[in-house]
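Here the numbering used here is used: the first residue of the sequence shown is 640, the next is one more, and so on. Just so it is clear, CB atoms sit at the ideal spot from N, CA and C, and this is done for glycine as well. The block underneath contains the structure these notes are about, expressed in structure tokens.
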Amino acid sequence: MNDNPQWERELLEKLAMASLVEQRRARQWKIFFRLAWLIIIAAVVFGLFFAKDDTAGERLIGDGHTATLQLKGIIDSDNDTAEKLIAGLNDAYDDKNTRGIIIQANSPGGSPVLSGMVYDEIRRQKKLHPSIPLYVVVEEVCASGCYYIAAAADKIFVDKASIIGSIGVLSDGFGFTGVMEKLGVERRLRTSGENKAMGDPFSPLNPKQEAIRQQLLDDIHQQFISAVKTGRGKRLHNDPELFSGLIWLGTKSIPLGLADGYGTVRTVARDVIKSERTVDFTPEDTFPSRFARRLGVEFSSGLKSLFDPRLF
640 MNDNPQWERE
650 LLEKLAMASL
660 VEQRRARQWK
670 IFFRLAWLII
680 IAAVVFGLFF
690 AKDDTAGERL
700 IGDGHTATLQ
710 LKGIIDSDND
720 TAEKLIAGLN
730 DAYDDKNTRG
740 IIIQANSPGG
750 SPVLSGMVYD
760 EIRRQKKLHP
770 SIPLYVVVEE
780 VCASGCYYIA
790 AAADKIFVDK
800 ASIIGSIGVL
810 SDGFGFTGVM
820 EKLGVERRLR
830 TSGENKAMGD
840 PFSPLNPKQE
850 AIRQQLLDDI
860 HQQFISAVKT
870 GRGKRLHNDP
880 ELFSGLIWLG
890 TKSIPLGLAD
900 GYGTVRTVAR
910 DVIKSERTVD
920 FTPEDTFPSR
930 FARRLGVEFS
940 SGLKSLFDPR
950 LF
């Protein structure tokens, strides 16, 4: 038995003090973990929105390299195809160790506007940097808008089974007037400007407007043909089907002058550019850019024109 009459009180005080210490320690750990999570979140946000590309410094290391750029998928604004290619071209040409540039192409085509923008940028950069060759290496397909871009290159290399060409323009759509008549639906369209509703799928065909649409397609086609002739020059064979929209395998494209030879990224870098080491300069998507682009796609999806020419 404890002889100290105050032992119960002292014991209670010790227990209370221990409880206070434990509560204080728990609060400290809670504050620590909250701060740690805030630091992690801040680091992630900084990396997504503010961090700079540190690969430029790495690209300058070494005795020289072949810069590569990826041209994949449909050429449209949803994929930022032109913006990425132009940004990558600028970086590749600005790098002092770039010995040559290869565009690795695998695309069925797309927007004539975006294709023309990249074509013009390639020709501009070639004038500024005449000592740096630029080649296109085709994988499965380089057709229409993709070939529009490729025509600006110094040379085009293909595989025997690559698909090349499709030098033409199309604009497709639907007509629902017959269905509307059967369902008893009446179209009540009003416009200010007689050609404002040109291509409207719910209105009967208008011969005058169809002629205008065809003229637009023909004009874009002539721009395409002119770009190919300027880029390929005397290498093009005088074939009446060359600009008809037909496609050819790689084996047929070389005799026609649409391509210059067989090759892959590795063989062209090693045997043509003489710099086997390759560095990919294709800009990568960041989370903010993907989010912003997705938001823009959702916002504008209902605003696209019915007349949407494509190089496919």
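The beta carbon of residue 785 sits closer than 6 Å to the beta carbons of 744, 746, 748 from its chain, once the five residues preceding and following it are set aside; these are given in chain order. Contact annotation: residue 782 and residue 867 have beta-carbon atoms that are not nearer than 8 Å. For residue 803, the closest alpha carbon among the candidates 751, 809, 779 is that of 779. Contact between residue 709 and residue 921 is confirmed by a C-beta separation of about 4 Å, below the 8 Å threshold. Within the same chain, 876 come within 7 Å of residue 894 by CB-CB distance, once the 5 residues on both sides are set aside. Put simply, the backbone Cα of residue 860 is about 56 Å away from that of residue 677. Going by C-alpha positions, residue 856 is about 12 Å away from residue 864. Annotated three-state conformation of residue 778 is strand, per DSSP. The beta carbons of residue 902 and residue 801 sit no closer together than 8 Å. Residue 711 sits in a strand when the DSSP states are folded into three classes.
By the neighbour-count criterion, in which a residue is buried when 16 or more other Cβ atoms sit within 10 angstroms of its Cβ, residue 759 is exposed.
Note on residue 680: under 16 other CB atoms within 10 angstroms of its CB, so exposed under the neighbour-count rule. In the assembly as shown, residue 805 is a buried residue. Its beta-carbon has 16 or more other beta-carbons within 10 Å.
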